[in-house]
Amino acid sequence: MIKSDDNLLPPKLAVEIAGIKFKNPVMPASGTFGYGEEYAPYLDLNQLGAVVTKGLSLHPKAGNNTPRTCETVSGMLNAIGLQNVGVDAFIRDKMPFLEQFKTPVIVNFFGNTQDEYGEVAARLDDVPGVAALEMNISCPNVKHGGIVFGTDPKAAFAAVSLVRKRTTKPLIVKLTPNVTDIQITARAAEDAGADVLSLINTLTGMAVDVKTRKPRLANTIGGLSGPAIRPIAVRLVHQVVQAVQIPVIGIGGISRAMDALEFLIVGARAVQVGTANFVDPNAMAVIIAGLEEFCREEGIADINDLIGTLEL
Amino acid sequence: MIKSDDNLLPPKLAVEIAGIKFKNPVMPASGTFGYGEEYAPYLDLNQLGAVVTKGLSLHPKAGNNTPRTCETVSGMLNAIGLQNVGVDAFIRDKMPFLEQFKTPVIVNFFGNTQDEYGEVAARLDDVPGVAALEMNISCPNVKHGGIVFGTDPKAAFAAVSLVRKRTTKPLIVKLTPNVTDIQITARAAEDAGADVLSLINTLTGMAVDVKTRKPRLANTIGGLSGPAIRPIAVRLVHQVVQAVQIPVIGIGGISRAMDALEFLIVGARAVQVGTANFVDPNAMAVIIAGLEEFCREEGIADINDLIGTLEL
Amino acid sequence: MKNIKTIVLSNQEISPGYFRMKILAPDYSKTSQPGQFVMFRVQRSLPPLLRRPFGIFRVGFMPADCDNMPAKEFIEIIYKVVGSGTEIMQRLHQGDPVELLGPLGTGFDCGEPAEEKILVGGGIGLVPLYSLAEKLVETSRVRLLMGGRTRDDIITVTEFERLGVETYVSTEDGSLGEEGLVTQVLERKLDKYPKATVFACGPMPMIEAVQDICLSRGVSLQVSLEALMACGVGACLSCVVKGAGHTEIEPRYLCTCTSGPVFAAEKLDWSKTEVKMVKSGGCK
Amino acid sequence: MKNIKTIVLSNQEISPGYFRMKILAPDYSKTSQPGQFVMFRVQRSLPPLLRRPFGIFRVGFMPADCDNMPAKEFIEIIYKVVGSGTEIMQRLHQGDPVELLGPLGTGFDCGEPAEEKILVGGGIGLVPLYSLAEKLVETSRVRLLMGGRTRDDIITVTEFERLGVETYVSTEDGSLGEEGLVTQVLERKLDKYPKATVFACGPMPMIEAVQDICLSRGVSLQVSLEALMACGVGACLSCVVKGAGHTEIEPRYLCTCTSGPVFAAEKLDWSKTEVKMVKSGGCK
Ligand SMILES: Cc1cc2nc3c(=O)[nH]c(=O)nc-3n(C[C@H](O)[C@H](O)[C@H](O)COP(=O)(O)OP(=O)(O)OC[C@H]3O[C@@H](n4cnc5c(N)ncnc54)[C@H](O)[C@@H]3O)c2cc1C
Ligand SMILES: Cc1cc2nc3c(=O)[nH]c(=O)nc-3n(C[C@H](O)[C@H](O)[C@H](O)COP(=O)(O)OP(=O)(O)OC[C@H]3O[C@@H](n4cnc5c(N)ncnc54)[C@H](O)[C@@H]3O)c2cc1C
Ligand SMILES: Cc1cc2nc3c(=O)[nH]c(=O)nc-3n(C[C@H](O)[C@H](O)[C@H](O)COP(=O)(O)O)c2cc1C
Ligand SMILES: Cc1cc2nc3c(=O)[nH]c(=O)nc-3n(C[C@H](O)[C@H](O)[C@H](O)COP(=O)(O)O)c2cc1C
Ligand code: FES
Ligand code: FES
């Protein structure tokens, strides 16, 4: 490891994943940053490693009834229900805004059948501004009793294989943490042709209003995110990094540079910041600055020298 | 539901589970209350619904290297490694103290093989002061590549079946949350003869010291507990209650009466309080008082009328 | 609209359970519109995790600390202590660091000058009506119908009166003003001024009743809604309400944080149980 | 030993990064022994989740507030700001509510009167030695060897001197007292007083060096250790250290919170890398 010096160049934060160059390893997590434009007044999108969009489906999706979110101890539950404008409206109405920036755009998408996944991927394939696709497999497979693709290694393998055939873009598969052995789904996604894995999506959770005796979410069950889940996310990323050869993006409860560093040290090549954007629209800029400062203080010339340096 | 009145009797908090009468539904979670004597100076053990002991094994167990614990955001990781005095020393040295109290004693135990489980259960079977056994199935099965019993429904079924044969005491099986579908392990335990299920044990997690690049626990991975995990625990208890006929005890992140109520409303018949004991040795007394106050305010004459009243 | 790290200037209890907080807020006089809100970060550390939305009561200036400094621009919010976040807020002191994201959302449309303007406020719902009244009194006759459960819920009425707003107070228990619901008073006023424009903010049952009244009389109505918010900027889709013409097949969700919090009544779907998204309060 | 809900009486920075806090603590004069500690709950709400262990610096009395009230018994703790919990602690004010669980653990054994007593303190490790010194000076000659990295780490030396303790200061950078390690001074003192009893508290490398010295000279040593604690009462088994004779096959773990924090050196396993459980500090 080359030691940098205060008098020398600033530490290099750029990382390369699946052939895409990111100016730094920090990007938003899908669903917490809208289509980018919502946060543009507060944060220069050119500062970010990438922009990751809200999850898109073949057709526009209404989402769940309200209440859709609920704060928990150091976390939040959400059951938005994947409300989105649909892939075509996205390409038509949202992409032009994002193309103004020099930042790679990663489009998150999902389907309720294997074919829907394939079709969305295909429609995005020839959109020039799209740097990569992120396939969210935490969705119920309506053709198989609603079992979530990501919790069934076979369904995950089949869906990823199909998507792989329908896109030439780098394919990131986003894993669900709600499984007994994440190494199995990770390998299934890798074997099916994923270029990158990202994790974790939210952990399923629930909260009850003890006065009304009703669940706090209209959907009863939702996804837990935020600082509370970070130790679980770090463990899962650590396990996945050991199970696969392809790069991994770490997600879950990151709100400070210190948090991002935990993921990089266990071997993530980049990180996504979710709930923290709600708490501070400037969170990612602060994290990027914090990574630079940490590298400087620790004499790390290139952040790539830090990735995967966990000492066991 | 019979409405109580401020002028009438105080609300009834007693619950009965598997034939055991508990004066209220609040008891400590195994491993957070030692063998009872540690907290006796701070809390009248006669106030509690039950005492639940540290997990016991056939032979004394040394536990892991240090550091064994680490605070996380609104939670903690532990990898104590099940250090304990062993079942015989427990019966000889610890039971006499616990027998002084009028409170039922639940003995938590574990094994690294099916036979070890059976043997510990058998040794406890004729100990008069022991009201019930709580079988912790979150342990690696050394005979099957170290896969945790509780994550493998077949291994869980076999181990519980064996223990069932070797004890006449009520048998509580404590489930691990680290599974894709907890309803499957819950039913396996029920089918194998469990009288009661308790959940959740800790969620596996990890934290990294970014300066030293080492895991914060000597064991690398540990169990996450505390308020942070409550939404996950409530969801799992809700799912298990719907999957089985036998009573369920709710555990996970309970530190206030409000928290305990969430579990009771989704259908738990009793709750266990873990990490909160460390924060406040009097936590369980405060929770019991809070349950009584809630019942009074809401006009609930008997806490059993509240159990399982979730409105969907 | 931006995020500023700033400080509390003062924080006082103005009625049991209701606090009024002054926060240093440069530029708000130029940028904020009546009916807009801020996402308030209670403290840098947890809890609470998420920011809390509060209407802007008013924007003002304080004399500069010394000659060569600019006057201090501030906003005031008024809040009721209801849960974990507001419990921490009530203990904040002058000088404590907080963060403001704002001004956010779509505010009131002041409409044509010189019409009769009726403001209907229920409890804490009064808050966004003050800045509106400040603007409306410049051109129109303004009446405020203020309702609450008891007299403790009737706040800042004097300040509206100082603006020249005619105020009518009613409480459910009769402890202040007329006994009964504010909607009774509204019916009477509309009998007298059938061409008035109505602006309402308060608890959902009140808003629904006001909407029924205005709809049946063909009176123009704007309502300011509350919804559970995580981001406040349209990114999380937590705060949606159903827009007019919403169906399961062709959903029309509107974000309260961007399309609202103020909506012209005709933009919303008023079929019952639809708009009551925060009926059960937040999560504790 | 019990848990009390109490208040902060004062909280002041005594050296850069070091604070001294007085906490109302009835009965501690009767119950607490030199070397014992408290589990301190920083605030009722999160964070931090767990309590933080602190040695009791001293127990004292303040005049009663008015005639018919008892004198106010208090304890003092001295803490260094190192992480999330102590960062919140430094902002506590007089009157703020806190909780104390204590007095906990096994303290120092004062040994035979009239022997030579040498106290070795490194930085914040000085804390538990003060109450010990108060007791020892009644019967014995007491010397304090106080070490730190820089002069900022040398605290409360005057107070030891007022007790009649001879103090010798050394700093690694020579900014106060002798330049070098406190162990150099210890060697010289033991050359002079080979029959002394040594009491040491400080960072693990210092404690290990002191142990080497005392062992080789056959000098009796008691050490006060730090360990990561969750409960403080022997229930969680987080804080274990390896006892003398510990092997993988026949483990001998001792709880620092109950068998310690003070241990006679011969009770511990000193084979290297064994006792260094908090080398990397806590978790953030
Ligand atoms: C646009 C807008 C303007 C508002 N203006 C005011 C105001 O001027 N004065 C005032 O006192 N209150 C106002 N509210 C309501 C205020 O946001 C809540 O009372 C406050 O967030 C409660 O926070 P808590 O932590 O004390 O309560 P908790 O119940 O602990 O909060 C838990 C969660 O629920 C949310 N929540 C709880 N109650 C409400 C509610 N009624 N509306 C929306 N979210 C809620 C919180 O924001 C938080 O995310 C406004 C709400 C909105 C949406
Ligand atoms: C018996 C005993 C007596 C002590 N007496 C004093 C004293 O008088 N003055 C003083 O300044 N410090 C003392 N310490 C150390 C003190 O407990 C820690 O500095 C403090 O807990 C750090 O808390 P934090 O939240 O600021 O740090 P963080 O690093 O954020 O704490 C995270 C976790 O690690 C633990 N931790 C961190 N550092 C230590 C440490 N050195 N020893 C034990 N646990 C640690 C914390 O308790 C907490 O659980 C003592 C420790 C023990 C075990
Ligand atoms: C409100 C909300 C909406 C989300 N929507 C999506 C989504 O559309 N697609 C997706 O893959 N993940 C979605 N997620 C999950 C996040 O991308 C992320 O994986 C998760 O929140 C954990 O990260 P965090 O703890 O930093 O928030 C959503 C999360 C939240 C809180
Ligand atoms: C320090 C510690 C030790 C534990 N030891 C055991 C154990 O021996 N057996 C067991 O079944 N569970 C053990 N647990 C798990 C708890 O009993 C409980 O299931 C878990 O902590 C979740 O509850 P909580 O969030 O209230 O702490 C332990 C937990 C902690 C924190
Ligand atoms: S609060 Fe996030 S979209 Fe409105
Ligand atoms: S701190 Fe829990 S056993 Fe010592």
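Residue numbers (our numbering), protein chains in the order written: chain G, 81 to 392; chain Z, 81 to 392; chain Y, 2 to 285; chain R, 2 to 285. We put the CB at the ideal spot given by N, CA and C, even for glycine.
In this structure, DSSP gives Tyr122(Z) a state outside helix and strand, which the three-state scheme calls coil. One Cα belongs to Leu182(Y), the other to Ile119(Y), and the distance between them is close to 16 Å. The alpha-carbon of Ile227(Z) is positioned some 8 Å away from that of Cys219(Z).
Residue environment for Ser305(Z): buried (at least 16 other C-beta atoms within 10 angstroms of its C-beta).
Using a cutoff of 6 Å, the CB of Ala363(Z) does not count as near ligand 4, since none of the ligand's heavy atoms is closer than that. A direct Cα-Cα distance of roughly 11 Å separates Ala201(R) from Val128(R). Runs of the beta strand (DSSP E) lying entirely within the segment 175 to 255 of chain G, each at least 3 residues long, are 185 to 189, 210 to 216, 251 to 254 in chain order. Under the three-state reduction of DSSP output, Lys23(R) falls in the strand class.
Using a 10 angstroms sphere on the CB of Gly148(R), the tally of other CB atoms reaches 16 or more, which defines it as buried. Not one heavy atom of ligand 6 is found less than 6 Å from the C-beta of Gly178(R). Here the distance from the Cβ of Asn192(Z) to the nearest heavy atom of ligand 3 is not below 6 Å. One Cα belongs to Asn258(Z), the other to Asn126(G), and the distance between them is close to 39 Å. With respect to chain Z, the C-beta atom of Pro105(G) has no partner C-beta closer than 7 Å. In this structure, Lys174(G) has its CB at a distance of at least 6 Å from all heavy atoms of ligand 2. Contact between Val351(Z) and Gly330(Z) holds: their C-beta atoms lie close to 5 Å from each other, under 8 Å. When only Cα atoms are considered, Met40(Y) and Leu25(R) end up about 39 Å apart. Using a cutoff of 6 Å, the CB of Cys111(R) does not count as near ligand 6, since none of the ligand's heavy atoms is closer than that.
Look at Phe20(Y): its beta carbon is at least 6 Å from all of the heavy atoms in ligand 1.
Between ligand 2 and Ile125(R), a heavy atom-to-CB distance of less than 6 Å is present. For a Cβ distance threshold of 8 Å, nothing in chain Y lies close to Thr300(G): the least Cβ distance comes to about 14 Å.
Between Phe38(Y) and Pro27(Y), the CB-CB gap reaches or exceeds 7 Å. Chain-order list of chain Y residues neighbouring Leu47(R): Leu47, Pro48, by C-beta distance under 7 Å. With contact defined as three or more Cβ pairs closer than 8 Å, the segment 341 to 349 of chain Z and the segment 316 to 324 of chain Z are in contact. Distances from the CB of Leu238(Y) to the heavy atoms of ligand 5 include at least one below 6 Å. Residue side-chain check: Met215(Z) keeps its Cβ at 6 Å or more from all non-hydrogen atoms of ligand 5.
The residue among Glu372(Z), Phe374(Z), Ile367(Z), Glu391(Z) with its C-alpha nearest the C-alpha of Pro108(Z) is Ile367(Z). The Cβ atoms of Leu255(G) and Leu277(G) sit closer than 7 Å to each other.
Annotation: Arg150(R) has no Cβ neighbours in chain Z at a cutoff of 7 Å; minimum Cβ distance is about 18 Å. Sequence-distant partners of Gly135(Z) (beyond 5 residues in either direction) whose C-beta falls short of 7 Å from its own C-beta, in its chain, are Ser110, Gly111, Leu162, Asn164, Asn188, Phe189, Phe190, Asn216. Counting other Cβ atoms within 10 Å of its Cβ, Asp154(R) reaches 16 or more and is therefore classed as buried. The three-state reading of DSSP puts Val353(G) in strand, counting E and B together.
The segment 67 to 76 of chain R makes no contact with the segment 250 to 260 of chain Y: fewer than 3 CB pairs, one atom from each, lie closer than 8 Å.
The beta carbon of Glu377(G) does not come within 7 Å of any beta carbon belonging to chain Y, so the residue lies off that interface. Here DSSP, grouped into helix, strand and coil, assigns Gln185(Y) to helix. Taking Phe343(G) as the centre and dropping the five residues before and after it, the same chain places the C-beta of Val317, Gly330, Val351 closer than 6 Å to its C-beta, in chain order. Residue-level contact check: Ile387(G) does not touch chain Z, since none of the beta carbons of chain Z fall below 7 Å from its beta carbon.
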